[in-house]
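Enquirer:
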Amino acid sequence: MRQLGVVGLAVMAAAGCGVQEVTAPVPQPDTIVFGRVAAVREVAAEAPQRGPAWEVEIKGGLPESLQAVMRRDGRPIPTLEADLVVKARVTADTVCVAGLQTADIDAFRAGQEVAAIPQPGSSAMTGTKLLTLDAAELYQFRSYQVRFLPRALDEMPPELSARNDPARINSSGLERTPLPVAGGKVVYFAAGLLPPLKEGAPPRGAVRPGMEKDGGLAPWAVGGWRPYRSQWTGSGWSAPEAVTLPGLPEDASAAVTWVNEGETSLLVEVRQEARPVALMAARRGSVRESWGALQRVERAVGESVGDGQAFAADDGALVWTSYAFGTSDLWLAMPGQQGAALEPRINTLGPEWAPRVGPKTSLYFCRAERQLLFSGGMVREVRLPGAQRRPLLEAAPTRSGEALFLRYPALYGPGELDWDLAVAPRDGDGWGAPVPLDEWRPQ
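Per this note's numbering, the very first residue in the sequence shown carries number 255; after that it's consecutive.
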């Protein structure tokens with residue numbers, strides 16, 4: 255549960271009265287800050303390579319909608335020291351959320367109620383009237399309320415559960431693991447349903463082929479996922495069809511993590527509660543035939559392994575994710591060689607996952623909640639256009655490298671984010687604005 259920032263601010267202000275030096279910032283425990291924007295101004299960056307920065311001046315205070323809820327529930331409303339000001343530093347690394355979507359800092363204006371989540375260790379008090387922090391996330395308060403305080407809402411925004419067309423790729427449910435084939439004219443992805451927003455409501459998302467069983471939903475359908483395939487028809491994307499893989503347990507989740515250009519060989523990560531993750535393979539003679547029985551990929555050494563990708567000549571090399579001790583690393587096996595963990599520039603103390611091999615043996619992969627690229631001996635973050643950071647995960651390039659298939663948070667809803675699939679076109683050395691996959695037109 256996130257702390258209510260104004261409570262912490264009130265305590266800090268009172269404790270510092272008459273003790274602190276007026277000009278000496280004193281580190282404070284990080285806590286979420288609520289208040290109303292007084293001003294937004296651009297400031298000098300600490301280093302030119304870090305790009306521009308902005309200072310958001312916030313008059314601390316509990317948002318009016320929360321005060322109404324607390325009055326209704328008979329709870330005391332905390333008060334702040336008079337004239338307490340918060341100055342939140344926003345950079346290109348800050349995620350800004352407005353209207354339930356990521357946005358730039360120019361979406362925030364004086365008078366708006368906001369919530370600022372600090373970067374760890376960045377909060378400091380100067381005197382008793384000024385709190386400074388570096389913002390990891392900055393929300394218009396309405397978006398924050400939907401995301402983290404849904405019980406304080408009278409009703410949920412309808413767009414959180416309205417998209418349920420099984421003929422489309424994206425829905426208000428779960429879509430993940432996009433894999434382009436045939437230059438991006440075929441896409442494999444995994445889909446499932448998200449739990450309902452309130453008791454008695456149906457699960458969120460499109461009920462696709464294979465999700466129903468014996469008059470109800472299959473055991474994996476809500477909270478799990480299974481693979482689907484869609485193809486560009488020349489005028490639009492075909493309705494996603496279930497990828498049937500014989501031998502999957504009824505309660506198992508599965509996602510295709512690699513498929514060859516001929517669509518005759520694939521790798522699939524299989525997850526089942528209380529069991530190790532398994533990397534399995536299936537083959538077939540042609541695209542007109544059914545997939546054969548799943549077999550464990552023996553080259554992927556490790557007790558719990560998945561998210562594998564084959565590459566190189568005759569797909570003889572393999573990179574995969576090895577899960578252990580609450581984290582994960584990437585492993586590589588070249589043709590005729592034993593597998594080994596990748597180098598420290600790639601594997602760190604954080605969890606690395608979702609390896610996707612691109613042109614010139616570049617490696618796209620995720621580290622925790624960041625999308626990275628290893629190319630030319632360097633690791634760098636993959637960015638989408640915008641003054642502030644747009645989160646993305648599971649990026650997979652087309653074979654030519656001219657388009658990047660990915661998933662991104664379409665809406666910042668309560669509980670689990672509503673991730674959708676999109677395609678970003680190549681733009682110089684980077685990527686253009688992502689286009690939702692249903693609207694993408696392959697060349």
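We put the CB at the ideal spot given by N, CA and C, even for glycine.
(1) Determine the extent of the beta strand (DSSP E) in which Met-588 is found, giving its start and end residues.
(2) Look up Glu-318 in the DSSP assignment and say whether it is helix, strand or coil.
(3) What span of residues does the alpha helix (DSSP H) with Arg-401 cover, start to end?
(4) Pop quiz: Phe-659 and Val-611 are said to be a contact at Cβ under 8 Å. What is the actual Cβ separation, rounded to whole angstroms?
(5) Strictly by DSSP, which residues pair up with Leu-471?
(6) Would you mind sorting Ser-540 into buried or exposed? The rule is 16 or more other CB atoms within 10 Å of its CB.
(7) For Asn-424, collect the residues of the same chain with a Cβ closer than 8 Å to its Cβ; drop the 5 residues on either side in sequence, then sort them by chain order.
(8) Taking just the CA atoms, how far does Ala-687 sit from Ala-547?
(9) DSSP three-state label for Asp-681, please.
(10) How about Ala-389 and Gln-399: do their beta carbons lie closer than 9 Å?
(11) Tell me whether the beta-carbon of Pro-281 lies closer than 9 Å to the beta-carbon of Ala-370.
(12) Using a threshold of 9 Å, state whether the C-beta atoms of Trp-585 and Ala-554 are closer than that.
(13) Where does Pro-412 sit, in a helix, a strand or coil, going by DSSP?
(14) Between Arg-537 and Val-531, which are expected to be in contact by the criterion C-beta below 8 Å, what is the C-beta distance as a whole number of angstroms?
(15) When you compare the segment 308-318 with the segment 289-297, are there three or more beta-carbon pairs, one atom per stretch, that lie closer than 8 Å?
(16) Quick check on Ile-331: buried or exposed, where buried means 16 or more other Cβ atoms within 10 Å of its Cβ?
(17) Alpha carbon to alpha carbon, how far is Val-351 from Ser-544?
(18) Over the uninterrupted beta strand (DSSP E) stretch that includes Pro-663, give me the two end residues.
(19) What residue range does the beta strand (DSSP E) around Leu-433 cover?
(20) Give me the residue from Glu-409, Ser-492 and Trp-486 with the minimum Cα distance to Ala-455.
(21) For Pro-696 and Ala-678, I'd like the C-alpha separation in whole angstroms.
(22) Tell me the residue span of the beta strand (DSSP E) that contains Trp-574.
(23) Within this structure, are the beta carbons of Phe-443 and Pro-473 separated by less than 9 Å?
(24) Report the option in Ala-657, Glu-670 and Trp-694 whose CA atom is closest to the CA atom of Gly-682.
(25) Taking C-beta to C-beta, are Arg-643 and Thr-431 nearer than 9 Å?
(26) Taking the DSSP output, what are the residues bridged to Pro-690?
(27) List the whole-angstrom C-beta distance separating Leu-533 from Gly-562, where the pair is believed to meet the contact cut-off of C-beta under 8 Å.
(28) Which one of Arg-343, Ser-319 and Thr-345 has the shortest CA to CA distance from Gln-366?
(29) Please report the residue range of the beta strand (DSSP E) in which Trp-512 lies.
(30) Just checking my contact of Thr-345 with Ala-307 at CB under 8 Å: how many whole Å lie between their CB atoms?
(31) Going by beta carbon distance, what residues of the same chain come within less than 8 Å of Glu-527, once the five residues before and after it are set aside?
Expert: Taking the definition as stated:
(1) Met-588 -> no beta strand (DSSP E), and no H or E assigned at all.
(2) helix
(3) 395-402
(4) 14 Å between Cβ atoms; not a contact.
(5) Glu-466
(6) exposed
(7) Arg-417, Ala-664, Asp-674, Leu-675, Pro-690, Leu-691 and Asp-692
(8) 40 Å
(9) strand
(10) no
(11) no
(12) yes
(13) helix
(14) Their Cβ separation, rounded to whole angstroms, is 21 Å, which puts Arg-537 and Val-531 out of contact at 8 Å.
(15) yes
(16) exposed
(17) 44 Å
(18) 657-665
(19) 428-435
(20) Glu-409
(21) 11 Å
(22) 571-578
(23) no
(24) Ala-657
(25) no
(26) Ala-676
(27) 5 Å
(28) Ser-319
(29) 507-513
(30) 5 Å
(31) Asp-505
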